[in-house]
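**Q** One structure is given below, represented as structure tokens, and several questions about it will come after.
Residue numbers (full-length UniProt numbering): 1 to 127.
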């Protein structure tokens, strides 16, 4: 796939996921059952698609630079994800937030997706 075609694919996918996440978010708000959990996963997938649209020309070539960006991005994301969990644990323990298991897993999955791919974008500008 050419560089322009790959970027277009991820850009179109990002707008489709954005439309889906807005549609599902508005429908869950209108039914009175907002934050079921899957709304955030669609939002995370939207961010992932837009980040991949930006990163596609760089990641298409599997060179030393792209491997380093992936490696360092996962390394930094690991510590951010640990911080998310450390912050969420007292919030659950002291009942500041009340989420069921599905909502918690959806929240952590979304934070993981957004953290990993945004760290790739930041590191691609750095390296």
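Backbone N, C-alpha and C fix where the C-beta goes; we use that ideal spot for every residue, glycine too.
Please identify the residue among 23, 38, 112, 14 whose C-alpha is closest to the C-alpha of residue 54.
**A** 14
**Q** Between the region 97-114 and the region 38-51, do at least 3 Cβ pairs fall closer than 8 Å?
**A** yes
**Q** Using C-beta distances below 6 Å, list every residue in its chain close to residue 9, excluding the 5 sequence neighbours before and after it, in chain order.
**A** none
**Q** Is there contact between the region 29-37 and the region 87-104, where contact requires at least three CB pairs shorter than 8 Å?
**A** yes
**Q** Quick one: give me the first and last residue of the alpha helix (DSSP H) that residue 32 is part of.
**A** It is not in any alpha helix (DSSP H) - residue 32 carries neither H nor E in the DSSP assignment.
**Q** Give the secondary structure of residue 114 by DSSP, where H, G and I count as helix, E and B as strand, and everything else as coil.
**A** helix
**Q** Could you tell me whether the Cβ atoms of residue 72 and residue 18 are closer together than 7 Å?
**A** no
**Q** Quick check: what's the CA-CA separation for residue 65 versus residue 116?
**A** Between residue 65 and residue 116, the C-alpha separation is close to 17 Å.
**Q** Measuring only the C-alpha atoms, how far is residue 49 from residue 11?
**A** 7 Å
**Q** For residue 47, which residues of its own chain have a beta-carbon under 6 Å away from its beta-carbon, when the five flanking residues on both sides are left out?
**A** Non-local C-beta neighbours of residue 47 in its own chain, meaning closer than 6 Å and more than five positions away in sequence, comprise 114, ordered along the chain.
**Q** Throw me the rounded Cβ distance for the residue 3 and residue 57 pair, which I believe falls under 8 Å.
**A** Indeed they touch by this definition, with Cβ atoms about 5 Å apart.
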